[in-house]
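Note sheet for the following structure.
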Amino acid sequence: MKRTIYAATAIVAGSLVLVDCGTSNQTSATSISGSGSSASSASTGVSTPAERVSLDVTIAAGSVTPTNARMPAKVGEPIVMRVSSDAADTLHVHSVPPRTFDVKPGNGQTFEFTVDVPGRVDVELHDLNRVVVTFEVRP
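For the sequence shown, my numbering assigns the number 15 to the initial residue and increments by one for each residue that follows.
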């Protein structure tokens, strides 16, 4: 009987930890902005503003800024990464489906994507082997 109670307690405690991890409001000092673009609501026909997550990324002298940032996002919300780089590299978005963007030396490169499945989505630089940001994507 005690074993059953301990197992049930462990399951409830584990569930609470997972729920707490899924509801964190932690953000980073990196740039997050909403844009004034609009999207139509199919059910009502009313135009509502579409939010957008923006992040500026700088790759210079073998390092990247930011590194290991955390940012909130929503499923289907546009995520825009503006990249300035002094070297070629590849951005990998570890989402479902995964996405890859070729970074070239130069300023003003813009990469936009959406995430369709909630969860944590890492974006990493292949050659520098660095996680730039983890998007915590909510439904």
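From the three backbone atoms N, C-alpha and C, an ideal C-beta is built for every residue, glycine too.
Cβ-based neighbour list, residue i, same chain, cut-off 6 Å, excluding 5 preceding and 5 following
i, result
"T72", "T79 and S98"
"S109", "V129 and V135"
"A43", "With a pLDDT of only 33 at A43, under the threshold of 50, the placement of this residue in the model should not be trusted, and no figure is reported."
"V145", "N82, D136 and E138"
"Q123", "V97"
"A74", "D100"
Beta bridge counterpart(s) of residue i as assigned by DSSP
i, result
"T104", "D116"
"D70", "R96"
"P86", "E150"
"G133", "V151"
"P139", "The amino acid occupying residue 139 in the given sequence is Leu; Pro does not appear at that position. The partner list for L139 (beta bridge, DSSP) reads L105 and R144."
"E65", "In the DSSP output, where bridge partners are listed per residue, E65 has none listed."
"T124", "R96"
Proximal residues to residue i (C-beta, below 7 Å), its chain only, five neighbours per side dropped
i, result
"L132", "First, the amino acid is wrong: residue 132 is Pro here, not Leu. Only V89, V151, R152 and P153 meet the Cβ criterion."
"F127", "I93, V107 and R113"
"N121", "S98"
"F125", "M95, V97, L105 and F115"
Close-in-space but distant-in-sequence residues of the same chain around residue i (CB under 8 Å, 5 per side omitted)
i, result
"P119", "S99, D100, A101 and A102"
"V67", "I46, S47, M85, P86, A87, E91, P92, I93, V94 and F149"
"T114", "T104, L105, H106 and V107"
"D141", "A101, A102, D103 and T104"
Limits of the unbroken beta strand (DSSP E) element including residue i
i, result
"S109", "Where S109 is concerned, there is no enclosing beta strand (DSSP E), given that its DSSP letter is neither H nor E."
"T81", "Premise fails: T81 is in no beta strand (DSSP E) and is neither H nor E."
CB contact check: residue i to chain B, cutoff 8 Å
i, result
"M85", "Any reference to chain B falls outside this structure, which holds one protein chain only."
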